[in-house]
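*Asks:* Chains A and B, in that order, are what the protein sequence lines are. Counting in my numbering, the first sequence runs from 3 upward without gaps. Counting in my numbering, the second sequence runs from 936 upward without gaps. Even glycine gets a Cβ: it sits at the ideal position worked out from N, Cα and C. I am attaching a structure below and will ask some questions about it afterwards.
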Amino acid sequence: MSRPSRIHAYISSAWRYTLLALQSGITFPILVLYKIVGVFLYLILNRFGTKLNKYHHDGYTTLKKTTPQDKARQFINKFDSDELTLLECGYSQALYKSKREMKWLLCYIQSEEHEDHLRFKQNVLLSPQFVDFVNSHDFLVWGGDISQSEAFQVANGFKVTKFPFLGLLTLTVNSTPTANGVTTSAPVLSLVSKVQGYQDVYKVITKFSKAYDKYNPTLITLRHDHEQIEQDRQVRRAQDEAFERSLNVDRERTRQHQLRQQRERDRELYLKWRTLSMKPEPDTSAKGTYARVAIRLPDGSRTSRRFNKDISVEEIYAFAEASSTGIISLEIPPDVEKPEGYEHEYSFRLIQVMPRMEVSCDDTRIEDSVVWPNGNLIMEEKE
Amino acid sequence: MTSVLPKGFTMMPVTRYLTGFVICAPLLVSLLGIKHLLVLSYDPFISSWHQYWRFAVFQTAFQNESEVVVAITLLHFALKHLERLYGSFRLASLLIWSSLYNVVLVSILSFLVYRVLGVNLFVSAGPYGIFFTLLYLYWQSTPSIYRFELVFSGVPGSPNPAKLVITDGIFVKILMVQLFVSDGVLNSGIPSAIGVAVGALIHSHILPGKSVDFPLVIPFLRRYAARKPQPTRPTVSDVQDESDDERDATAFRDDEQDTPIRPLGTQLLDTFRT
């Protein structure tokens, strides 16, 4: 009995199959049970976990702040295509953008779990014909998923009964004929064509081009008007700017004039004060304590005065200026004060005749300067 | 921008037929006087009399009109959304799958409860399970639009006033509770809870239902729909479609104030004003 009999083979294979069946019969329900229990546990824990977190007020709660932009970005990531560029903003912003730029807006809402979702996306939305159509007509494209609150509201607003949904929006004007002619309303954004559910790409394009041909003239007129208005506004702005500029120049001139007048007044006041505060002329009897200085003024007349040897050369300058302007001979009220914030600068030089050299206006004592003991000076205008 | 679903059953044949069925089946059952056939209780129908067909038919019709009303309201205000979310065929497939799962789970549960605990389960007649399966899926995929707070001040012993944050889904939830307890917390609650469980299992893809066509029926329906002759000339539906667009163009404005409203009186008066 070296070879096993046929019956033995049958029995052994039957035994093997029975074992397998038993094994799988036992393991399969356990597997299913395990999976179901796991999911239930997960659901329950998850649900109650979040609930508990929510009611635990002493701890901090993290608030997910998702802006419409974030939602749009999420959607674009999920949408994952390079062919169509979707607007990275919320729906209302997309409306605003379309209105401001006067462009067509294509609105796409999808339902990920819809049976036609993938078919529509591949065969219609991302088909080269449709992408070409959208890009050549310069449509703005906004997309959203129905699980997002904003897209859900939009879909309800457009009374969408079937997904995927494509809607074409543009600016239109309402014109109503009256006895006084046709009155047109302000442009409003309206849905002019919509595609619900799966349709052939040619059908979609035909439908949209029909709407485009019908409403684009209005949009072009509106855009033209808008540009006109914008141009007018530009011109007016330029005019306003020019006017403003000339007004500024005038204002500056007046200010300068006033400043100059103020300076003149201050200068006169200063000179009066300076003349008043000059040291008294030393007596001729006190020889050796004073220098005698003669000055020839620009108008040719001569004047002379005695100065104490201990005071500075600046006093000679003050005397010269007071003489040349005639202030020295004026009756000056004794309550004249030095004008505040005024820096006086002499507009002339005093020059010693022999040997010819300038007497600089500084705090040098008269005794140390060239005018000691006798000075013969010429007053010269600074150039 | 609204949270209200579009009116009517345009492009939603499955929901339409389901609504019709939910309304007509109880009527028919009442007219034929066969209400007693839909009653399901393990003892004595199954244990003594072996009437296993009762598992197959107990889901066909609600027994009371209030349940019908609540179910129809739920269908119209919430569950309609599922058809546009999934598509008609997928929803039909889902309905068949979920009704099967509900039957299986209810029969297993009533068997186990009777044998192990010795408790005789009475299960209310009507598609509770199917409705709660659909409702579970509805909650999983519907965003909330707005929320509001009810603030109760004057709760003794607490510094902050008690606050209740409610979303717009509360109205559907109230109807759900109504349906849940409509025939007694246990009688209608058990099939409803089983329906929720089935919904959870389908949603997490443990049981096939959402993305798998029910064999034979759905392929047949698909082929039937595809065989319908395509209209070559513009038909009524096409014309309707066009006029639909026109209506939308005039109906939807982002700001209604811009369109001047001229009542008939003004129009008449305008004629004489020059």
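Is B:GLN1075 closer than 7 Å to B:HIS1138 when the C-beta atoms are compared?
*Replies:* Yes, these two residues count as a Cβ contact at 7 Å.
*Asks:* Check whether the Cβ of A:LYS289 lies closer than 6 Å to any heavy atom of the ligand ZN, and answer yes or no.
*Replies:* As for the ligand ZN, it is missing from this structure, which has no ligand bound.
*Asks:* Kindly list, in the order they appear in chain A, the residues whose Cβ is closer than 8 Å to that of B:SER1079.
*Replies:* Within 8 Å Cβ-Cβ: SER151.
*Asks:* Is the beta carbon of A:GLN198 closer than 7 Å to that of A:LYS164?
*Replies:* Contact flag set, yes.
*Asks:* In chain order, what residues of the same chain lie with their CB nearer than 7 Å to the CB of A:VAL133, ignoring the 5 residues before and after it?
*Replies:* Contacts found: GLU85, LEU86.
*Asks:* With a threshold of 16 other CB atoms inside 10 Å of the CB of A:THR172, please say whether the residue is buried or exposed.
*Replies:* It is buried - the Cβ of A:THR172 has at least 16 other Cβ atoms within 10 Å.
*Asks:* Run the CB neighbour count on A:MET356, radius 10 Å, all protein chains shown included, and call it buried at 16 or more, exposed below.
*Replies:* With fewer than 16 other Cβ atoms within 10 Å, it is exposed.
*Asks:* Suppose you measure from the CA of A:ASN342 to the CA of A:SER279; what does that come to, to the nearest Å?
*Replies:* Contrary to the premise, residue 342 of chain A reads as Glu rather than Asn in this sequence. Each residue's alpha carbon lies about 16 Å from the other.
*Asks:* Identify the contact partners of A:LEU45 in chain B, using a Cβ-Cβ distance below 7 Å as the criterion.
*Replies:* Those are ALA1135, listed as they occur along chain B.
*Asks:* Using the beta-carbon count (16 or more within 10 Å), is A:GLN71 buried or exposed?
*Replies:* Exposed: under 16 other Cβ atoms inside 10 Å.
*Asks:* Between the Cα of A:VAL190 and those of A:LYS209, A:ALA244, A:LYS101, spot the shortest distance and give me the residue it belongs to.
*Replies:* Among A:LYS209, A:ALA244, A:LYS101, the Cα nearest to that of A:VAL190 belongs to A:LYS101.
*Asks:* Using a C-beta cutoff of 7 Å, does B:THR945 count as contacting chain A?
*Replies:* Cβ-Cβ to chain A under 7 Å: yes for B:THR945.
*Asks:* State the start and end residues of the unbroken beta strand (DSSP E) segment that holds A:LEU365.
*Replies:* Residue identity differs from the one stated: residue 365 of chain A is Asp in this sequence, not Leu. Run containing A:ASP365: none; DSSP gives neither H nor E here.
*Asks:* Below 8 Å on C-beta distance, what does A:VAL162 contact in chain B?
*Replies:* Near A:VAL162 (Cβ distances below 8 Å), the residues of chain B are PRO941, ARG1019.
*Asks:* Could one say the Cβ of B:ARG1025 lies closer than 7 Å to chain A's Cβ atoms, at least one of them?
*Replies:* Yes, B:ARG1025 lies at the interface with chain A (some Cβ there is under 7 Å from its Cβ).
*Asks:* Note down, in chain order, every chain B residue with its Cβ under 7 Å from the Cβ of A:ASP72.
*Replies:* Ordered by position in chain B, no residue passes the 7 Å Cβ test against A:ASP72, which lies about 15 Å from the chain.
*Asks:* Output the distance between the C-alpha atoms of B:MET947 and A:TRP144, rounded to the nearest integer angstrom.
*Replies:* Looking at the two C-alpha atoms, the distance is approximately 26 Å.
*Asks:* Exposed or buried, which one is B:VAL1041 when buried takes at least 16 other CB atoms within 10 Å?
*Replies:* Buried, since its Cβ has 16 or more Cβ neighbours within 10 Å.
*Asks:* What is the residue span of the beta strand (DSSP E) that A:GLN198 lies within?
*Replies:* 190-198 is the extent of the beta strand (DSSP E) around A:GLN198.
*Asks:* Comparing the C-beta of B:GLY1022 with each C-beta of chain A, is any distance below 7 Å?
*Replies:* By this cut-off, B:GLY1022 is an interface position.
*Asks:* Three-state secondary structure (DSSP) at B:GLY1064?
*Replies:* Of the three classes helix, strand and coil, the one that applies to B:GLY1064 here is helix, per DSSP.
*Asks:* For B:LYS1145, go through chain A and note every residue whose CB falls closer than 8 Å to its CB, in chain order.
*Replies:* Result: GLU115.
*Asks:* Can a CB atom of chain B be found closer than 7 Å to the CB of A:THR220?
*Replies:* For A:THR220, the answer is no, since every Cβ of chain B falls outside 7 Å of its Cβ.
*Asks:* Is there a Cβ of chain B sitting closer than 7 Å to that of A:LYS105, yes or no?
*Replies:* No, A:LYS105 lies away from the interface with chain B (no Cβ there is under 7 Å from its Cβ).
*Asks:* Over what stretch of residues does the alpha helix (DSSP H) that includes A:PHE81 continue unbroken?
*Replies:* Run containing A:PHE81: 70-81, per the alpha helix (DSSP H) assignment.
*Asks:* Can you give me, in chain order, the residues of the segment 1035-1049 of chain B that have a beta carbon less than 9 Å from any beta carbon in chain A?
*Replies:* Answer in chain order: no residues at all.
*Asks:* Would you identify the three-state DSSP class for A:GLY159, choosing helix, strand or coil?
*Replies:* Three-state result, A:GLY159: helix.
*Asks:* Taking the alpha-carbon of A:ASP312 as reference, which of A:ASP370, A:ILE334, A:LEU271, A:THR256 has the nearest alpha-carbon?
*Replies:* That would be A:ASP370, whose Cα lies nearest to the Cα of A:ASP312.
*Asks:* When burial is assigned at 16 or more other CB atoms within 10 Å of the CB, is A:ALA153 buried or exposed?
*Replies:* Under this definition A:ALA153 is a buried residue.
*Asks:* Excluding the five sequence neighbours on either side, which residues of its own chain have a C-beta within less than 7 Å of the C-beta of A:GLN264, listed in chain order?
*Replies:* Nothing meets the Cβ criterion.
*Asks:* Considering Cα atoms alone, identify which of A:GLN150, A:LEU332, A:ASN378, A:ARG49 is closest to A:ARG298.
*Replies:* Closest option to A:ARG298, Cα to Cα, is A:ASN378.
*Asks:* Under the assumption that A:THR291 contacts A:PRO284 (Cβ atoms under 8 Å), give the Cβ distance between them as a whole number of angstroms.
*Replies:* Yes, A:THR291 and A:PRO284 are in contact; Cβ-Cβ is about 6 Å, under 8 Å.
*Asks:* Please report the straight-line C-alpha distance between A:TRP106 and A:LEU170, rounded to a whole angstrom.
*Replies:* About 7 Å.
*Asks:* Tell me which residues share the same chain as A:LYS340 and place their Cβ nearer than 7 Å to its Cβ, disregarding the 5 neighbours each side in the sequence.
*Replies:* Taken in chain order, the residues that qualify are TYR272, TRP275.
*Asks:* Report the three-state DSSP secondary structure of A:PRO179 (helix, strand or coil).
*Replies:* A:PRO179 falls in the strand class under three-state DSSP.
*Asks:* So that I know if they touch, is there some Cβ in chain A lying closer than 7 Å to that of B:ASP1205?
*Replies:* Chain A contact via Cβ: present.
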